[in-house]
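Read through the structure below, which is laid out as structure tokens, and then see the notes.
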Amino acid sequence: MENIISNQRAFFNTNQTKNIDFRIKQLQKLKTLLQKNEERLEKAIYEDFSKSAFDNYSNELALLYLEIDDATRNLKKWSARKRVSTNLVNFPARSYIIPEPLGVSLIIGAWNYPYQLSFAPAIAAIAAGNTVVLKPSELPANTSRTMAEIINQNFEPEFFIVVEGGVQETQLLLQQRFDKIFFTGSVPVGRIVYQAAAKHLTPVTLELGGKSPAFILDDKNLDIYVKRLVWAKFLNAGQTCIAPDYILVKSSLKDALIQQLIAEIGKEQFSIGNQNYVQIISEKNINRLAKYIDKNKVVYGGNYDLATRVFEPTVMDNVTFDDAVMQEEIFGPILPVIAFESVDDVIAAVKRREKPLSCYVFTQDKKLRDKILHEISFGGGCVNDAIMHISNSKMPFGGVGESGIGSYHGQFGFRTFSHYKSILDKPVWLESGLKYFPHTPFKFKWMKRLLKL
Ligand code: NAD
Numbered sequence: 127m128e129n130i131i132s133n134q135r136a137f138f139n140t141n142q143t144k145n146i147d148f149r150i151k152q153l154q155k156l157k158t159l160l161q162k163n164e165e166r167l168e169k170a171i172y173e174d175f176s177k178s179a180f181d182n183y184s185n186e187l188a189l190l191y192l193e194i195d196d197a198t199r200n201l202k203k204w205s206a207r208k209r210v211s212t213n214l215v216n217f218p219a220r221s222y223i224i225p226e227p228l229g230v231s232l233i234i235g236a237w238n239y240p241y242q243l244s245f246a247p248a249i250a251a252i253a254a255g256n257t258v259v260l261k262p263s264e265l266p267a268n269t270s271r272t273m274a275e276i277i278n279q280n281f282e283p284e285f286f287i288v289v290e291g292g293v294q295e296t297q298l299l300l301q302q303r304f305d306k307i308f309f310t311g312s313v314p315v316g317r318i319v320y321q322a323a324a325k326h327l328t329p330v331t332l333e334l335g336g337k338s339p340a341f342i343l344d345d346k347n348l349d350i351y352v353k354r355l356v357w358a359k360f361l362n363a364g365q366t367c368i369a370p371d372y373i374l375v376k377s378s379l380k381d382a383l384i385q386q387l388i389a390e391i392g393k394e395q396f397s398i399g400n401q402n403y404v405q406i407i408s409e410k411n412i413n414r415l416a417k418y419i420d421k422n423k424v425v426y427g428g429n430y431d432l433a434t435r436v437f438e439p440t441v442m443d444n445v446t447f448d449d450a451v452m453q454e455e456i457f458g459p460i461l462p463v464i465a466f467e468s469v470d471d472v473i474a475a476v477k478r479r480e481k482p483l484s485c486y487v488f489t490q491d492k493k494l495r496d497k498i499l500h501e502i503s504f505g506g507g508c509v510n511d512a513i514m515h516i517s518n519s520k521m522p523f524g525g526v527g528e529s530g531i532g533s534y535h536g537q538f539g540f541r542t543f544s545h546y547k548s549i550l551d552k553p554v555w556l557e558s559g560l561k562y563f564p565h566t567p568f569k570f571k572w573m574k575r576l577l578k579l
């Protein structure tokens with residue numbers, strides 16, 4: 127580990143990564159490699175948790191291609207020094223801000239979207255001129271190995287390397303000094319990463335999780351609301367950090383909602399054995415999910431099979447905030463429905479919990495929509511949809527409070543891996559002498575005038 131990092135630091139210090147054409151070339155090379163290896167990547171992710179080619183393209187690779195295209199198209203603009211106005215006291219200087227790479231970056235990925243969550247931060251890091259040590263999640267073993275093979279056979283290790291491994295290897299990496307750590311994963315491991323980073327005062331971005339609510343506030347378009355919600359919840363079998371974790375519905379609408387949910391889920395694409403429905407990543411996670419099931423409250427599904435690692439899409443009715451399923455992020459295909467009478471009370475209940483990564487509001491009532499957007503703090507979200515906000519790279523993606531620190535995607539990713547250096551550039555043809563000793567009453571008067579006090 128020490129060698130890898132010292133070699134990367136030495137390479138960074140040659141200043142090659144500061145060249146914009148170098149960065150563009152590396153990003154294009156990465157895109158070509160991913161495109162050339164699409165079938166291989168598809169096979170690996172299918173072997174790991176039966177993710178389909180459709181999902182692999184739409185949720186993983188396409189997002190990476192879009193990130194690369196956005197970065198290569200805009201890199202010159204993003205990395206240009208930016209002139210800003212200069213205040214009177216500094217006349218006749220010029221002021222500008224220079225974005226510079228942070229240096230050697232460590233990226234630690236989560237397993238649920240293994241390509242996207244490993245390579246999207248790497249694209250941002252490369253675009254900003256950093257070197258990259260990438261540690262994908264070890265849980266999907268085939269995707270981790272495939273990423274390591276593709277990157278390590280094609281990039282110089284002093285610029286971009288994939289280090290495979292689990293907890294032990296990650297902890298060894300975390301003992302090293304990096305200039306930036308970008309972590310995607312759970313809140314408890316996020317805390318470990320933050321503590322390790324503190325030792326070296328390394329800046330971190332933490333992309334974590336939480337319980338993201340979906341509010342259903344009217345039934346004007348219930349069929350569309352439910353269609354979008356069901357897709358978002360059971361995509362990747364609920365193993366999505368921004369999946370709607372639970373539904374909050376006005377009591378009067380609950381029965382119609384449950385009926386509609388059951389009808390929508392009952393459609394063929396979500397049935398067990400269908401290749402579009404992915405497996406749960408591990409037996410351990412199936413057992414964790416099984417503990418959330420309260421048989422008396424299940425109105426749909428609730429079955430699972432350890433051998434095939436398939437967990438049925440499940441809906442639970444009459445859930446309260448005190449139930450087991452409401453104590454942790456579900457991260458699986460269980461959808462609890464909580465009915466409420468008062469919007470104010472339910473907003474207060476959400477606010478008593480940690481700030482969620484996402485929040486979804488289904489309503490045609492603009493006042494109610496704005497009330498929720500105004501009163502609840504969360505990472506990002508949608509109105510009348512779910513998950514799709516992640517697909518617009520013009521918006522920062524990240525959490526707040528326990529759901530994360532910092533953000534990325536598009537230019538926000540570039541910023542995350544950059545330092546903005548402020549420069550005051552002063553010519554020598556004028557020297558007022560005002561700031562120098564002796565500080566006479568005359569100088570004091572002029573100093574106050576100049577500072578506008
Ligand atoms: P995880 O925290 O278990 O693992 C994430 C990474 O940390 C892995 O690479 C793993 O090897 C490493 N790791 C695990 N335990 C460690 C330890 N003790 N010390 C050092 N490193 C360790 O998370 P996960 O199971 O891969 O992902 C699920 C979680 O991630 C969920 O909470 C989900 O909401 C969150 N998530 C967030 C985002 C986001 O963008 N905000 C995206 C996907 C997942």
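Numbering (my numbering), first residue to last: 127 to 579. Yeah, the Cβ is synthetic: ideal placement off N, Cα and C, and Gly gets one too.
For Val215, there is no enclosing beta strand (DSSP E), as DSSP marks it with neither H nor E.
Counted as a single uninterrupted DSSP element, the stretch harbouring Glu501 is not any beta strand (DSSP E) but the alpha helix (DSSP H) occupying residues 492 to 501.
Any heavy atom of the ligand NAD within less than 6 Å of a residue's beta carbon puts that residue on the list, which reads Ile234, Gly235, Ala236, Trp237, Asn238, Leu243, Lys261, Ser263, Glu264, Gly292, Val293, Thr296, Gln297, Thr310, Gly311, Ser312, Val315, Ile318, Glu333, Leu334, Gly335, Cys367, Glu455, Phe457, Leu483, Gly525, Gly530. Bridge partners of Ser548 according to DSSP: Ile223.
Approximately 12 Å separates the beta-carbon atoms of Ser211 and Leu550; this is outside 8 Å, ruling out the contact. In this structure, the beta-carbon distance from Val404 to Ser176 falls below 8 Å.
As computed with DSSP, Lys208 is found in a beta bridge with Ile223. For Tyr430, DSSP records a beta bridge to Phe437. Where Ile307 is concerned, the enclosing beta strand (DSSP E) starts and stops at 306 to 310. In terms of Cα proximity to Ser519, the closest of Leu192, Leu187, Asn139, Glu168 is Leu192. In this structure, the beta-carbon distance from Leu299 to Met127 falls below 8 Å. Take the alpha-carbon of Asn510 and the one of Leu332: they are about 27 Å apart.
Minimum Cα-Cα distance from Val425 among the listed residues Arg414, Pro439, Ala416 corresponds to Pro439. Rounded to whole angstroms, the separation of the alpha carbons of Phe447 and Lys393 is 29 Å.
The Cβ atoms of Leu343 and Asp449 lie no closer than 8 Å to each other. The alpha-carbon of Pro314 is positioned some 25 Å away from that of Val230.
Approximately 6 Å separates the beta-carbon atoms of Asn444 and Lys423; this is inside 8 Å, confirming the contact.
For the region 261 to 301, the full-length alpha helix (DSSP H) segments reaching 4 residues or more read 267 to 278, 293 to 301 along the chain.
In terms of Cβ geometry, Leu260 and Ser244 form a close pair [threshold 8 Å]. About 22 Å separates the CB atoms of Ile406 and Ile516; that is not less than 8 Å, and the two are not in contact. A distance below 8 Å between beta-carbons, with the five flanking residues on each side excluded, links Lys144 to the following residues of its chain, in chain order: Glu226, Pro227, Gly255. Counting of Cβ neighbours within 10 angstroms places Met521 among the exposed residues, the total staying below 16.
The C-beta distance from Ala250 to Thr542 rounds to 6 Å, short enough to fall under 8 Å.
For the options Lys497, Tyr486, Glu480, Ile460, the alpha carbon positioned closest to that of Asp470 is the one of Lys497. One alpha carbon belongs to Leu167, the other to Asn129, and they sit about 29 Å apart.
For Val526, the secondary structure class from DSSP, reduced to helix, strand or coil, is coil. In the three-state reduction of the DSSP assignment, Glu467 falls in the coil class.
In this structure, Ala363 sits near Pro459, with a CB-CB distance shorter than 8 Å. In this structure, Gly507 keeps its C-beta atom at 8 Å or more from the C-beta atom of Ser533.
Note: Thr257 is bridge-paired with Val230 in the DSSP secondary-structure output.
Asp305 and Arg135 have their C-alpha atoms some 10 Å from each other.
Contact between Lys574 and Val526 does not hold, since their C-beta atoms are separated by about 41 Å, which reaches or exceeds 8 Å. In the DSSP secondary-structure assignment, Gly507 is bridged to Cys485. Secondary-structure assignment with DSSP links Met573 through no beta bridge to anything.
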